[in-house]
Amino acid sequence: MNNSPIIFERIKELNKRFENIAKELQANQEVFKMPSEIKDSLSKIGKGLIRVYTETPDNLLNISKFGWFLDLDCEMKYSFELNDLIENDKYDEAEKSLVNYYSNNLTEIFEVLSKRHPIRKEILSQIEKSYNEELFYLTIPVVLSQIDGICNDITTKKFFIKNKEYLPEVYPIIEKMHSSMTDIFLAPIKNSSPLNVWEKKIGDFPLKLNRHEILHGVDINYGNKINSLKCISLLKYISDLIIRIDR
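Here's what the structure looks like:
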């Protein structure tokens, strides 16, 4: 874990290396003949990159419809594994995997968040404490408030407030910080999720967990471990995206 500060650079480096290899081979194709094994290997690498760039956004979007947001410390293949389970009507298995992932990494997640957002260290500490004490009705509203808070600290914009295009107010700033390669991670915030959708649209999603209904007292059954982890997953995901702005 803790790979998100360099994940963007790794993707860029991998893509650049592949492009350079392809150009070099093309420029020297008359000098030597490429063994079929090398051709096959390069073809597989290219197809793999294309699959990552074309399918990852839909994977992440599909997962977010159930209220989960993958942080950037996850291996790239994880979104494919989860999406395959969801598409094959095995959401329970996907959810179990996600609960295990975030439960096992929770301490480190809060350590990372506290280092990134030091002025919120005490709040984050109490969120973690309330979660560990299973005070989920207290945990969730505070987590949701901190999502807007960390966005405001770095951009002066909020996540749960929509702009004229009905996108999160902070989205245009986040989008500018991401290249065509790394914007594959932005699909969940370019589209509505149950957590930030308009109340009247919540029925369009398989999950009914909604920030507005929680904070305005409409939902009185939101307090459980899984919903807490879903909200924490969104907090970590947003932090992963906006922390680049402050670097």
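Numbering of the sequence shown is given in the working numbering, commencing with residue 5 and proceeding in unit increments.
Backbone N, C-alpha and C fix where the C-beta goes; we use that ideal spot for every residue, glycine too.
Excluding sequence positions up to five away, which residues of its chain have a Cβ less than 7 angstroms from the Cβ of residue i?
i	result
L199	G71, L213, N214, R215 and L238
C155	K161, K162, F163, V174, I242 and I246
K48	The predicted position of K48 is uncertain, since its pLDDT is 47 and thus under 50; no value can be drawn from it.
According to DSSP, simplified to helix, strand and coil, what is residue i?
i	result
K100	helix
V35	The predicted position of V35 is uncertain, since its pLDDT is 43 and thus under 50; a value taken from the coordinates is nonetheless stated next. In the structure shown, V35 sits in coil (DSSP, three-state: anything other than H, G, I, E or B).
L245	helix
I10	Because I10 carries a pLDDT of 47, less than 50, the predicted location of this residue cannot be relied on, and the following value inherits that uncertainty. Helix, per DSSP.
Y226	coil
D75	coil
H216	helix
P61	helix
N2	In the structure as shown, the chain starts at 5 and stops at 251, and residue 2 therefore has no counterpart that could be examined.
S197	coil
L211	coil
K205	helix
K94	coil
K275	No answer is possible for residue 275: it lies beyond the span of the chain, which begins at 5 and ends at 251.
K69	coil
Excluding the 5 residues flanking residue i on each side, which residues of the same chain have their C-beta closer than 6 angstroms to its C-beta?
i	result
F209	K69 and P198
I67	L86
P61	I188 and A191
L128	F114, L117 and S118
L211	F70, G71 and P198
From which residue to which residue does the alpha helix (DSSP H) around residue i run?
i	result
C155	F140 to T159
D88	M80 to E91
V116	L110 to R120
P192	A191 to K194
L128	K125 to N136
Starting from residue i, follow its DSSP beta bridges and name the residues at the other end.
i	result
P172	K166
Using a Cβ-Cβ cutoff of less than 8 angstroms, which residues in the same chain neighbour residue i once the five nearest sequence positions on both sides are dropped?
i	result
N195	L65 and S68
If we count Cβ pairs, one from each stretch, closer than 8 angstroms, do we get three or more for the stretch 115 to 126 versus the stretch 144 to 158? yes
With three or more beta-carbon pairs closer than 8 angstroms as the criterion, would you say the stretch 218 to 232 touches the stretch 125 to 143? yes
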